[in-house]
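Taking it in order: structure first as structure tokens, then the write-up.
Number of protein chains: 2
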Amino acid sequence: MSKAPKTVVSPLAPARFPDMLPVSGLRLATGHAGIKASSTKLDLMLAVFDRPASVAGVFTKSSTAGAPVRWCRKHLSKGKARALIVNSGNANVYTGKAGDNAVVTAAKGVAGLVGCRAGDVYVASTGVIGENLPVEKVVKVLPRVYKSLKAAPWHDAAVAIMTTDTFPKGASVTTEIGGKPVTISGIAKGSGMIAPDMATMLAYVFTDAKLPAGVLQSLLKVAADASFNSITVDSDTSTSDTLQLFATGQAKHPAIAKVGDPALRKFRQALDALCLDLAHQVIRDGEGAQKFIEIAVSGAKSTRAARTIGLSIANSPLVKTAIAGGDANWGRIVMAVGKSGQDIAETSLNISVGGHPVAINGAPPAGYDETPVAKHMAGQNVAIHVDVGVGRGKATVWTCDLTHGYIDINADYRS
Amino acid sequence: MSKAPKTVVSPLAPARFPDMLPVSGLRLATGHAGIKASSTKLDLMLAVFDRPASVAGVFTKSSTAGAPVRWCRKHLSKGKARALIVNSGNANVYTGKAGDNAVVTAAKGVAGLVGCRAGDVYVASTGVIGENLPVEKVVKVLPRVYKSLKAAPWHDAAVAIMTTDTFPKGASVTTEIGGKPVTISGIAKGSGMIAPDMATMLAYVFTDAKLPAGVLQSLLKVAADASFNSITVDSDTSTSDTLQLFATGQAKHPAIAKVGDPALRKFRQALDALCLDLAHQVIRDGEGAQKFIEIAVSGAKSTRAARTIGLSIANSPLVKTAIAGGDANWGRIVMAVGKSGQDIAETSLNISVGGHPVAINGAPPAGYDETPVAKHMAGQNVAIHVDVGVGRGKATVWTCDLTHGYIDINADYRS
Chain R
81 MSKAPKTVVS PLAPARFPDM LPVSGLRLAT GHAGIKASST KLDLMLAVFD
131 RPASVAGVFT KSSTAGAPVR WCRKHLSKGK ARALIVNSGN ANVYTGKAGD
181 NAVVTAAKGV AGLVGCRAGD VYVASTGVIG ENLPVEKVVK VLPRVYKSLK
231 AAPWHDAAVA IMTTDTFPKG ASVTTEIGGK PVTISGIAKG SGMIAPDMAT
281 MLAYVFTDAK LPAGVLQSLL KVAADASFNS ITVDSDTSTS DTLQLFATGQ
331 AKHPAIAKVG DPALRKFRQA LDALCLDLAH QVIRDGEGAQ KFIEIAVSGA
381 KSTRAARTIG LSIANSPLVK TAIAGGDANW GRIVMAVGKS GQDIAETSLN
431 ISVGGHPVAI NGAPPAGYDE TPVAKHMAGQ NVAIHVDVGV GRGKATVWTC
481 DLTHGYIDIN ADYRS
Chain Y
81 MSKAPKTVVS PLAPARFPDM LPVSGLRLAT GHAGIKASST KLDLMLAVFD
131 RPASVAGVFT KSSTAGAPVR WCRKHLSKGK ARALIVNSGN ANVYTGKAGD
181 NAVVTAAKGV AGLVGCRAGD VYVASTGVIG ENLPVEKVVK VLPRVYKSLK
231 AAPWHDAAVA IMTTDTFPKG ASVTTEIGGK PVTISGIAKG SGMIAPDMAT
281 MLAYVFTDAK LPAGVLQSLL KVAADASFNS ITVDSDTSTS DTLQLFATGQ
331 AKHPAIAKVG DPALRKFRQA LDALCLDLAH QVIRDGEGAQ KFIEIAVSGA
381 KSTRAARTIG LSIANSPLVK TAIAGGDANW GRIVMAVGKS GQDIAETSLN
431 ISVGGHPVAI NGAPPAGYDE TPVAKHMAGQ NVAIHVDVGV GRGKATVWTC
481 DLTHGYIDIN ADYRS
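Residue numbers (our numbering), protein chains in the order written: chain R, 81 to 495; chain Y, 81 to 495.
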């Protein structure tokens, strides 16, 4: 039923997978469970924490969230994790009672090996919707996968969670808390905010910091808003979107009780930057993407208003097709600002593209010269700045263009 | 700067322009003002009422609405109209003070010929954004256009307001109020909910009914919600969208004071049907459209919730590309239902395509046979029904598929 997804790598992909650091107290393994049609493709990723890790998570707001998301939400309140199991090739969404049973079976399978409760095992699935997950294939290979746990097989882990992605996504950084070194490493998958047949956005971030679950959750929420919640490929929201942050507590820094602790400043910046890096990689793998687009909005009533305006521009098919065509079409940007429903000052609306003004105080600049703008639009990176002139709220969002490639992938995906 | 829009007629166009009836007390004329690049194209439409007509209107909710929309809103409270002037080729949006002046100049030009106040002249413009309207060209040809007023040059009137449209749109019906015959005739333009360079949705409906402006406004609001507010091509909202209803009062029926008057039943039905007919024609001219899609939602908490769910499906690029590919991809429909944020009962979600169930109580039917569904999807008309199982709210919305044609038109429109 499914045709093979395109295997050409996105033109916006990074040159190579980054060098990534191990996280003390975390081991990873991958395997072939045979869920993906191709038996040579990795489709299973297992993460095990030597000791209980603190955990935080943000999940899809969809009212049709899948069985694994419901499982994770249910157990997150305890704030502890011993393992994470992710399969690709099947999303285990809309599979009724069988879907819930499959989650329990997978969690129990891992728990038996690790020696923990099933509720301490986080589960995610990504792939085809509405087909039963052959969880027995997962259970069968688990012992062998468990035996192969290693400190840092990041590249394979990032590959094992891919579906329509054209490249694996990872990022790693060292920072400090209270003068003691701390590592953060994360992987993500997603090629479009979602393509619910064979995709979804998943991101897992691991650190050796020693932080209680409540602090992690606060940090993650802020990091997510400025990164994964500020990107869009096609405005569609997955039934399985998941971002989780695990902290093994192996770092040697002093105890942190509150998210407001000044000792967290550098860690917070590093986490925000790492989440943004991963989110940008998702956009760079956007279905059919030819251009990476940054939309900065300022002068709005609030940060939230600025983000709403930014996403209204980023989600507009007319703006995205104009950029695909290399057209600095400010009329379409004005339209998208208008449909956002946010307060703006029409007579002080300013728009620039690549730093070149295309609208000043709500009208084209006198003697407007399109040449430098057209040159900027011809490149792979397009930067749009919109000031709506009513306040101090600002936000930046990222998207890609809407091209024939998107239609090819999504109109011809199944046959 | 602009390339000529595609001139191939939409494959979903009606076989021919309908036979349309004159409306007593209304005369129409068209002209060439030379605003469109091609000097042979009609770009001016004038409607004059022999005596003051009652008027109602609903306009774009965009916060960047154009100068003509602001003019119409301002004068609508008086509820009277003597004339309507519409140009195509230039939207007079984001043209600052010059734009407001152009509206006044056009209104005064018409008022001088008709012998009325400028405020009794309604004005609309559709076309390129951000370029000054050469209103002097309008004023110059107005006397000649005024002399050519006739009872029912509907086809030319519908052509004169076209921009990227590939066919003129009109509908006409006779009904009755209190046993006396009443006529309703209307024209519309739009090819996409909007393409703000050279498009926008405009619709003008005229009747000889004798109805006060307050009653007209209530009738129009209801008719608009179930028609023009229930269609979407690409989720983008124009800066100029306008729907107006004019009543000349020449019909011989008894006076009507309230919108709840039972004598209005047939008129209301006829008006609703005519607005729906025009709205469907706009969808049939959707940019790149190859399929006409009806999405009926039932079982929602309210009518509003049902419409929100329907529009979430209709606006999903993943649903629209799946349909373009002839794929009855119910996973994408589930995703779009989920992202609407409305209450649903996951275990009693039912979806059918062309009357064939594709999901029963939240899962694929046992022994699901794709053959009849695939056959339905191969046709030009696609019907989707979704029951979300929580209430009695229902609504139907209409859209078209998302194809390479849309990308061609919008990515290559300017160069």
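Just so you know, even glycine gets a beta-carbon here, dropped at the ideal spot from N, CA and C.
Roughly how many whole angstroms lie between the Cα atoms of residue i and residue j?
i: Asp365(Y); j: Glu450(Y); result: 30 Å
i: Arg384(R); j: Thr483(R); result: 29 Å
i: Lys71(Y); j: Ala133(Y); result: Lying before the first or after the last residue shown, residue 71(Y) is absent from chain Y, which here runs from 81 to 495.
i: Ala293(Y); j: Ala304(Y); result: 16 Å
i: Lys338(Y); j: Val438(Y); result: 46 Å
i: Gly146(R); j: Thr319(R); result: 6 Å
i: Ser82(Y); j: Glu211(Y); result: Bear in mind that the predicted position of Ser82(Y) carries a pLDDT of just 36, short of 50, making it unreliable; the figure below should be weighed with that in mind. Cα to Cα, the separation comes out at about 12 Å.
i: Asn170(R); j: Tyr486(R); result: 22 Å
i: Ala353(R); j: Pro94(R); result: 16 Å
i: Tyr202(R); j: Ala127(R); result: 9 Å
i: Thr244(Y); j: Ala359(Y); result: 16 Å
i: Ser168(R); j: Ala408(Y); result: 23 Å
i: Lys116(Y); j: Lys217(Y); result: 11 Å
i: Pro342(R); j: Leu122(R); result: 42 Å
i: Thr388(Y); j: Ile311(Y); result: 12 Å
i: Gly270(Y); j: Lys220(R); result: 58 Å
i: Asp316(Y); j: Thr140(Y); result: 11 Å
i: Pro397(Y); j: Leu296(R); result: 35 Å
i: Lys371(R); j: Glu426(Y); result: 37 Å
i: Val208(R); j: Asp200(R); result: 26 Å
Less than 8 Å between the CB atoms is what I'm expecting for residue i and residue j, so what's the real figure, rounded?
i: Ile413(R); j: Val462(R); result: Actually they are not in contact, since the Cβ atoms of Ile413(R) and Val462(R) sit about 12 Å apart, beyond 8 Å.
i: Gln330(R); j: Asp288(R); result: 4 Å
i: Val148(Y); j: Asn181(Y); result: According to the sequence shown, residue 148(Y) is Pro rather than Val. In fact, because the Cβ distance is near 12 Å, the residues do not count as touching under 8 Å.
i: Ala163(R); j: Val194(R); result: 5 Å
i: Asp467(R); j: Gly379(R); result: 4 Å
i: Ser420(Y); j: Gly442(Y); result: At roughly 16 Å, the Cβ-Cβ gap does not stay under 8 Å, so Ser420(Y) and Gly442(Y) are not in contact.
i: Gly250(Y); j: Ala231(Y); result: Their Cβ separation, rounded to whole angstroms, is 15 Å, which puts Gly250(Y) and Ala231(Y) out of contact at 8 Å.
i: Ile489(Y); j: Glu367(Y); result: 5 Å
i: Val225(R); j: Leu124(R); result: 6 Å
i: Leu92(Y); j: Gln349(Y); result: 25 Å between Cβ atoms; not a contact.
i: Gly473(R); j: Lys381(R); result: 6 Å
i: Ala204(R); j: Ala198(R); result: Rounded, the Cβ-Cβ distance is 15 Å, inconsistent with contact.
i: Phe129(R); j: Thr322(R); result: Actually they do not touch by this definition, with Cβ atoms about 17 Å apart.
Step through the CB atoms of chain R and report whether any lies within less than 7 Å of the CB of residue i.
i: Gly504(Y); result: Residue numbering for chain Y in the displayed model covers 81 to 495; residue 504(Y) lies beyond these limits and cannot be assessed.
i: His484(Y); result: yes
i: Asp314(Y); result: yes
i: Gly210(Y); result: yes
i: Ala491(Y); result: yes
i: Thr388(Y); result: no
i: Met278(Y); result: Legend: pLDDT at Met278(Y) = 43, less than 50; position of this residue unreliable, value from coordinates given subsequently. No, because no Cβ of chain R sits closer than 7 Å to the Cβ of Met278(Y).
i: Thr144(Y); result: yes
Is any beta-carbon of chain Y found at less than 7 Å from that of residue i?
i: Ile487(R); result: yes
i: Thr206(R); result: no
i: Ile424(R); result: yes
Strictly below 9 Å CB to CB, what residues from chain A border residue i?
i: Asn430(R); result: Included in the structure are the protein chains R and Y, with no chain A among them.
Say the cut is 6 Å; is the CB of residue i nearer than that to a heavy atom of the ligand ATP?
i: Phe286(Y); result: Here there are no bound small molecules, and the ligand ATP is not part of this structure.
**Item:** Interface residues of the segment 432-456 of chain R facing chain Y [CB-CB below 7 Å]
**Value:** Gly442, Ala443 and Pro444
**Message:** Beta carbons nearer than 8 Å to chain Y: which residues of the segment 390-422 of chain R have them?
**Reply:** Asn395, Ser396, Pro397, Leu398, Thr401, Ala402, Ala404, Gly405, Asp407, Asn409, Trp410, Gly411, Arg412, Val414, Met415, Ala416, Val417, Gly418, Lys419, Ser420, Gly421 and Gln422
**Message:** To test your reading of the DSSP string, which unbroken alpha helix (DSSP H) runs of 4 or more residues are found completely within the segment 357-414 of chain Y?
**Reply:** 383-394 and 397-404
**Request:** With 7 Å as the limit, tell me which residues of the segment 370-383 of chain Y have their beta carbon closer than that to any beta carbon of chain R; keep them in chain order.
**Result:** none
**4 or more residues per run - each alpha helix (DSSP H) lying fully within the segment 170-211 of chain R** = 176-194
**Request:** Below 9 Å between beta carbons is the criterion; list the residues of the segment 108-132 of chain R that meet it against any residue of chain Y, in chain order.
**Result:** none
**Residues of the segment 156-187 of chain R with Cβ closer than 7 Å to any Cβ of chain Y, in chain order** = Tyr174, Thr175 and Gly176
**Asked** Going along the segment 295-329 of chain Y in order, which residues come within less than 8 Å of chain R, judged by CB to CB distance?
**Response** Asp314, Ser315, Asp316, Thr317, Ser318 and Thr319
**Request:** Pick out the complete beta strand (DSSP E) segments inside the segment 211-291 of chain Y, 3 residues or longer, and give them in chain order.
**Result:** 249-257, 260-269 and 282-287
**Request:** Could I get the ranges of all uninterrupted alpha helix (DSSP H) runs contained in the segment 287-348 of chain Y, with 4 residues as the minimum, in chain order?
**Result:** 293-305
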